[in-house]
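S.K.: Note that the protein sequences, when read in sequence, are chains A and B. Heads up: the first sequence begins at 1 in our numbering, then just goes up one per residue. Heads up: the second sequence begins at 1001 in our numbering, then just goes up one per residue. Quick one: structure below, then a few questions.
Protein chains: 2
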Amino acid sequence: MSDPLDAIFAALADPTRRAILSMLLEDDMAVTDVAAPFDMSLAAVSKHLVILTRAGLIAQEKRGRVKWCKLDPDAMRRASVWMQGFGQFEPVNLDAFERFLAAELGGEAQKAE
Amino acid sequence: MSDPLDAIFAALADPTRRAILSMLLEDDMAVTDVAAPFDMSLAAVSKHLVILTRAGLIAQEKRGRVKWCKLDPDAMRRASVWMQGFGQFEPVNLDAFERFLAAELGGEAQKAE
DNA sequence: CGGATCGTCAACCGGATGGTTGAATATGCG
DNA sequence: CGCATATTCAACCATCCGGTTGACGATCCG
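Written as structure tokens, this is what we have:
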């Protein structure tokens, strides 16, 4: 797996891991809390977190005996950029993007078109 | 693998399959021609194409004894939309986004910060 | 018809993946 | 100190994955 995209897409291919990422979107969490909603052992979730970390999708920081997990946007961005090359069919003007644009530019921004 | 995203991301996780998609970006191709540049058997490439097809990333159409492969943008777009949900926390740093911003606002845009 | 080309199928193999359990390693706390 | 909590490690297991080879079904063409 030399290409980092291999690890990134492989990490995203598992529904448990995608669910974890969604959870982390709302808040940073400790490993035990990440594992709570899943019907599997803590060790299994811990391994998922290792995979996400190696893919660069999350970062883990140990404070005391608790290891905190937070999203790391870089990897997702790289994957997104790669996919963007195929987006020529339908350019980037997704709803989320436009909403973001509006928020980012604030009220006084004048749209070009 | 009930969630279609499982199949899509799993398909994208393999470098051979991503290379195939890139090739198809330039032109529709027959299976044999898709296989040509790869150092593996035709059967192996054929299996990759099945995986890409099941993921909805490409479509295959048989004309005569030749099976043509073409990109199908829907699946990639679904994956992209899912990922877009993670772009909201630090979007301004994204290279692609900045390019998008620049293109969208044109030359006279003043950056907020 | 009969041979060549296109592509898949089937069986097989080694290695990766996703899960389990139980022991081990920190760290916090009374 | 000594116990509870947080997390990982190690071994193990079943299944999936990516590749191989050889046989097969289809289709074109001389």
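A virtual CB, placed ideally from N, CA and C, is assigned to each residue, including glycine.
DSSP state of A59 (chain A), grouped into three classes?
M.R.: In this structure, A59 (chain A) counts as strand in the three-state DSSP scheme.
S.K.: Do you know how far the Cα of A1019 (chain B) is from the Cα of M83 (chain A)?
M.R.: In a straight line, the C-alpha of M83 (chain A) is about 12 Å away from that of A1019 (chain B).
S.K.: In three-state DSSP terms, what is A1030 (chain B)?
M.R.: Strand at A1030 (chain B).
S.K.: Over what stretch of residues does the alpha helix (DSSP H) that includes F1086 (chain B) continue unbroken?
M.R.: Note, F1086 (chain B): premise wrong, no alpha helix (DSSP H); not H, not E.
S.K.: Taking the CB atoms as reference points, tell me whether L1042 (chain B) and T1053 (chain B) lie closer together than 8 Å.
M.R.: It is not a contact, given that the beta carbons lie outside the stated cut-off.
S.K.: Of all the options A:D72, A:M23 and A:R17, which has the alpha carbon lying nearest to the alpha carbon of H48 (chain A)?
M.R.: When each option's Cα is compared against that of H48 (chain A), the closest is A:R17.
S.K.: Around the C-beta of G1087 (chain B), are 16 or more other C-beta atoms found within 10 angstroms, so that it is buried, or is it exposed?
M.R.: Label assigned to G1087 (chain B): buried.
S.K.: Which residue or residues does DSSP assign as beta-bridge partners of V1066 (chain B)?
M.R.: Answer by DSSP bridge pairing, in chain order: B:R1063.
S.K.: If you measure from the beta carbon of R1018 (chain B) to each beta carbon in chain A, is any gap under 8 Å?
M.R.: Yes, because at least one Cβ of chain A sits closer than 8 Å to the Cβ of R1018 (chain B).
S.K.: Across which residues does DSSP place D1021 (chain B) in a beta bridge pair?
M.R.: The amino acid occupying residue 1021 (chain B) in the given sequence is Leu; Asp does not appear at that position. None, per the DSSP bridge assignment.
S.K.: When you compare the CB of D1039 (chain B) with every CB in chain A, is at least one pair closer than 8 Å?
M.R.: No - not a single Cβ of chain A is within 8 Å of the one on D1039 (chain B).
S.K.: In angstroms, rounded to a whole number, what distance separates the CA positions of W1072 (chain B) and A1007 (chain B)?
M.R.: For clarity, residue 1072 (chain B) is Asp in the given sequence; the question names Trp instead. The straight-line gap from Cα to Cα measures roughly 14 Å.
S.K.: Tell me the rounded alpha-carbon separation between L21 (chain A) and F9 (chain A).
M.R.: Computed Cα separation, rounded: 13 Å.
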